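Peer 1: First residue of the sequence shown: 1451, per this note's numbering; consecutive thereafter. Every residue, glycine too, gets a C-beta built ideally from N, C-alpha and C. Remember, it's a predicted structure, so these values are computed and weren't measured experimentally. Questions regarding the structure given below will be posed in turn.
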Amino acid sequence: MRILLDWIKDFIELPDDIERLAEKLTEAGLETTVKKIGADIPAEIIIGELLSVEKHPNADRLSVCMVDCGESEPRQIVCGAPNVAPGQKVPVALPGTVLGKNFKIKKAKVRGIHSDGMICAEDELAISDDHSGIMVLPEELSAGTPFSSYYKAQTVLELDLTPNRPDCFSHFGVVREIAALTGVSYHFPHVNLSNGKKAISELASVSIKDPEACPRYTARVIQNVTVAPSPSWLKQRLEAIGVRSINNIVDASNYILMETGHPLHVFDYDKLADHHIEVRFARENETFTTLDHKKRNLSSNVLLICDREKPVAMAGIMGGINSEVTDDTVNVLIESAYFSPAAIRKGSKEQQLSSEASRRFERGMDPNHNLIYSQDRLAEMIIQLAGGELADDCIDCYPQPIQPIKINFACSMFENIAGFPISQERLYQILEPLGFKISKMSGGDNYEITVPTFRPDIERPI
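Shown next, in the form of structure tokens:
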């Protein structure tokens, strides 16, 4: 898990010694290292504009590109990326540039065609591990300008998390840990949503067929959005933590996932038959094509999100191509749900499919505050980035609300086990920043501690 320091600074003041902070987090059970992203990008990398893209005459998977690099004449560069297209702004390594330790870019012939440089993917610039295609930059950048004028080196915390800490699969979770370790207060963004004119009940409906597998499902609708590329600040934050930018709607969903930790999914509202959502298990021999374009044969172990006619997502794992957000999307439905860890593990294991969402759901997410907060935060962000009108309120199917665990805790018991005392003041200093609520019980040193529902790992005093 990558945590971006500049992102963390939105919520809490950090100490000057980040290496020592990483040591403290490690001592607290979150194995942490400090890493610089993009610190070694050569100064010679420049921004180019793809003027034309033609099929290579001697190779099916290669393209011959004419690239404006801000010089008197465009350069011809052979590229093997599947996402290359005219009009894109891209990072270009010119001949003489050294990437990594000793990979020097040279003029060359590639399958008989002259190539005068290289169009770079993110992994080639050591920005992320993504080698799925070239790095596509914002349209407003100018050809010939240094790549360093766009991309600034970022410091991240690399966390090797244990399975019992799903709350730390997010920037919010790490902020809480830092606050408890340093004593510095923090704040999370306040969400301000204006009431819409159309009632959500007139626009969509939800039914849950198995409340044990899906105890809670909520939905919001936003109409008249404009799908477009994301702004530079959003792209850069996602790139720094290894998430590829797609468009403003999908990027907003991924951003809130990485910020709050709660997985969300955005459907193209107009692709949902009867604008209805049904949560059910797959029928025997049912098939479904996921966003990775794989047609999957399903069993009754796989929990699905369906409309009136068909599956539209593997619940908590991956959406489908039949309901994905595209450039033509106008109206969207936002899903924020709580799925049982067992249900997600079964489906993920059967299909041998893991995702950022499934890794979180199968460890246990918050069915209460963070579920709603994350959905509202995403709705707010989509409206800021893509415009649109929010329907009034949300659909919230939650037949049996999950209550937080309450634990009786005695300071004397702590001292007997730990070998040193803990004061009431210290108890509050540690637990309150982590989201626990503490109530003093009458008599002695006993306390009732309410465990936040985003901490499924805490069930008893010791």
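Could you spell out where the alpha helix (DSSP H) holding ILE1832 opens and where it closes?
Peer 2: For this step, residue 1832 is matched to residue 382 along the sequence shown. Run containing ILE1832: 1819 to 1836, per the alpha helix (DSSP H) assignment.
Peer 1: How many angstroms separate the CA atom of SER1582 from the CA atom of SER1749?
Peer 2: As a first step, residue 1582 must be located in the sequence shown, where it is residue number 132. As a first step, residue 1749 must be located in the sequence shown, where it is residue number 299. Computed Cα separation, rounded: 30 Å.
Peer 1: Smallest Cα separation from VAL1716: which of ALA1723, SER1682, ARG1746 and VAL1762?
Peer 2: The residue you call residue 1716 lines up with position 266 of the sequence shown. Per the Cα distances, VAL1762.
Peer 1: Measuring CB to CB, does ILE1497 end up less than 8 Å from THR1595?
Peer 2: The residue you call residue 1497 lines up with position 47 of the sequence shown. The residue you call residue 1595 lines up with position 145 of the sequence shown. Contact flag set, yes.
Peer 1: When DSSP labels each residue in this structure, what does ARG1813 get in the three-state scheme?
Peer 2: Position 363 of the sequence shown holds residue 1813. Note: ARG1813 maps to coil in three-state DSSP.
Peer 1: Assign TYR1848 to one of three DSSP states: helix, strand, or coil.
Peer 2: Counted from its first residue, the sequence shown places residue 1848 at position 398. Coil.
Peer 1: Cutting at 7 Å between CB atoms, please list the residues of its own chain near GLN1879, excluding the five before and the five after it.
Peer 2: Against the sequence shown, residue 1879 aligns to sequence position 429. Result list for GLN1879: GLY1633, in chain order.
Peer 1: Apply the 10 Å Cβ neighbour rule to ASN1704 and answer buried if 16 or more other Cβ atoms are within range, or exposed otherwise.
Peer 2: For the purposes of this step, residue 1704 is taken as residue 254 along the sequence shown, with counting starting at 1. It is buried - the Cβ of ASN1704 has at least 16 other Cβ atoms within 10 Å.
Peer 1: On the DSSP bridge list, what partners appear for SER1502?
Peer 2: The residue labelled residue 1502 in the question sits at position 52 within the sequence shown. Looking at the DSSP assignment, SER1502 forms a beta bridge with MET1516.
Peer 1: Following the continuous beta strand (DSSP E) through GLU1898, name the residue where it begins and the one where it ends.
Peer 2: Taking the first residue of the sequence shown as 1, we reach residue 1898 at position 448. Taken as a continuous stretch (DSSP letters only), the beta strand (DSSP E) holding GLU1898 covers 1896 to 1900.
Peer 1: Please look up how many angstroms separate the CB atoms of GLY1770 and THR1739, rounded, as I've assumed it's under 8 Å.
Peer 2: Here the question's residue 1770 lines up with position 320 in the sequence shown. Here the question's residue 1739 lines up with position 289 in the sequence shown. At roughly 6 Å, the Cβ-Cβ gap stays under 8 Å, so GLY1770 and THR1739 are in contact.
Peer 1: Among SER1502, VAL1528, ASP1518 and SER1522, whose alpha-carbon lies nearest the alpha-carbon of ASP1510?
Peer 2: Looking up residue 1510 in the sequence shown gives position 60. ASP1510 has its Cα closest to that of VAL1528, out of SER1502, VAL1528, ASP1518 and SER1522.
Peer 1: For VAL1624, which residues of its own chain have a beta-carbon under 8 Å away from its beta-carbon, when the five flanking residues on both sides are left out?
Peer 2: Numbered from its first residue, the sequence shown carries residue 1624 at position 174. Hits under 8 Å: ILE1453, ILE1458, LEU1475, LEU1480, LEU1607, LEU1609 and CYS1618.
Peer 1: Taking LEU1688 as part of the alpha helix (DSSP H), name the residues at either end of that continuous run.
Peer 2: The sequence position of residue 1688 within the sequence shown is 238, counting from 1. Start and end: 1682 to 1690.
Peer 1: Touch check for the stretch 1563 to 1581 and the stretch 1688 to 1697: three-plus C-beta pairs under 8 Å?
Peer 2: Verdict: yes, contact present.
Peer 1: Quick check on this structure: which residue in TYR1823, GLY1837 and ILE1857 has the alpha carbon closest to the alpha carbon of CYS1844?
Peer 2: One-based indexing of the sequence shown puts residue 1844 at position 394. Of TYR1823, GLY1837 and ILE1857, the residue nearest in Cα terms is TYR1823.
Peer 1: What residue from ILE1468, ALA1630, GLY1530 and ASP1456 has the CA that sits closest to LEU1884's CA?
Peer 2: Here residue 1884 is taken as the residue at index 434 of the sequence shown, counted from 1. Residue ALA1630 is the option with its Cα nearest to LEU1884.
Peer 1: CA-CA distance, ARG1905 and PRO1613?
Peer 2: The residue given as residue 1905 occupies position 455 in the sequence shown. The residue given as residue 1613 occupies position 163 in the sequence shown. Their Cα atoms are separated by approximately 12 Å.
Peer 1: Looking at the unbroken beta strand (DSSP E) that takes in LEU1575, where does it start and where does it end?
Peer 2: Within the sequence shown, numbered from 1, the residue matching residue 1575 stands at position 125. Here LEU1575 belongs to no beta strand (DSSP E), and DSSP marks it neither H nor E.
Peer 1: Would you list, in sequence order, the uninterrupted beta strand (DSSP E) runs of no fewer than 3 residues that lie entirely inside the stretch 1747 to 1783?
Peer 2: Segments of the beta strand (DSSP E) lying fully in the stretch 1747 to 1783: 1753 to 1756 and 1761 to 1764.
Peer 1: What whole-angstrom Cβ distance do ARG1795 and GLU1812 have, given they're in contact under 8 Å?
Peer 2: Taking the sequence shown and counting its residues from 1, one reaches residue 1795 at position 345. Taking the sequence shown and counting its residues from 1, one reaches residue 1812 at position 362. Rounded, the Cβ-Cβ distance is 5 Å, consistent with contact.
Peer 1: Between which residues of its own chain and SER1620 is the CB-CB distance below 6 Å, once the five residues before and five after are set aside?
Peer 2: Position 170 of the sequence shown, counting from 1, holds the residue named residue 1620. Contacts found: THR1710 and GLY1711.
Peer 1: Residues bridged to ALA1543 by DSSP?
Peer 2: Numbered from 1 along the sequence shown, position 93 holds the residue referred to as residue 1543. Per DSSP, MET1568.
Peer 1: Grab the span of the beta strand (DSSP E) containing ASN1858 for me, first residue to last.
Peer 2: Taking the sequence shown and counting its residues from 1, one reaches residue 1858 at position 408. Unbroken beta strand (DSSP E) run through ASN1858: 1856 to 1860.
Peer 1: In angstroms, rounded to a whole number, what distance separates the CA positions of ILE1833 and ASN1642?
Peer 2: If you number the sequence shown from 1, residue 1833 lands on position 383. If you number the sequence shown from 1, residue 1642 lands on position 192. The straight-line gap from Cα to Cα measures roughly 11 Å.
Peer 1: Which residues in the same chain as LEU1684 place their Cβ atom closer than 6 Å to its Cβ, once the five residues preceding and following it in sequence are excluded?
Peer 2: Taking the sequence shown and counting its residues from 1, one reaches residue 1684 at position 234. For LEU1684, where only same-chain residues beyond five positions count, the Cβ hits under 6 Å are ASP1701.
Peer 1: For ASN1698, I'd like the list of residues in its chain whose CB is within less than 6 Å of its CB, leaving aside the five on either flank, ordered along the chain.
Peer 2: Taking the sequence shown and counting its residues from 1, the one referred to as residue 1698 is at position 248. Within the same chain, ASN1698 has close Cβ partners ALA1678, SER1680, LEU1835 and ALA1836.
Peer 1: What are the start and end residues of the beta strand (DSSP E) that includes SER1910?
Peer 2: Your numbering for residue 1910 matches position 460 in the sequence shown. Per the sequence shown, the amino acid found at residue 1910 is Arg instead of Ser. Where ARG1910 is concerned, there is no enclosing beta strand (DSSP E), given that its DSSP letter is neither H nor E.
Peer 1: Less than 8 Å between the beta carbons of LYS1554 and VAL1548, yes or no?
Peer 2: What you label residue 1554 is simply residue 104 of the sequence shown in a count that begins at 1. What you label residue 1548 is simply residue 98 of the sequence shown in a count that begins at 1. It is a contact, given that the beta carbons lie within the stated cut-off.
Peer 1: For the beta strand (DSSP E) that LYS1890 lies in, which residues bound it at each end?
Peer 2: One-based indexing of the sequence shown puts residue 1890 at position 440. Counting along the chain, the beta strand (DSSP E) containing LYS1890 begins and ends at 1887 to 1890.
Peer 1: Here's a check: name, in chain order, each residue in its chain whose Cβ is nearer than 8 Å to the Cβ of SER1592, leaving out the five neighbours to either side.
Peer 2: Against the sequence shown, residue 1592 aligns to sequence position 142. The answer, listed in chain order, is ILE1497 and GLY1520.
Peer 1: Of all Cβ atoms in chain D, is any one closer than 8 Å to the Cβ of MET1516?
Peer 2: The structure shown contains no chain D; it holds only a single protein chain.
Peer 1: Based on the DSSP secondary-structure assignment, which residues constitute the bridge partners of ARG1525?
Peer 2: Position 75 of the sequence shown, counted from the start, is the residue given in the question as residue 1525. DSSP output for ARG1525 lists VAL1517 as bridge partner(s).
Peer 1: Mapping DSSP to helix, strand and coil, what is TYR1391?
Peer 2: There is no way to answer for residue 1391, as the model of the chain reaches only from 1451 to 1912.
Peer 1: Looking at ASP1566 and PRO1545, is the spacing between their C-beta atoms short of 8 Å?
Peer 2: Looking up residue 1545 in the sequence shown gives position 95. Looking up residue 1566 in the sequence shown gives position 116. Yes. Within cutoff.
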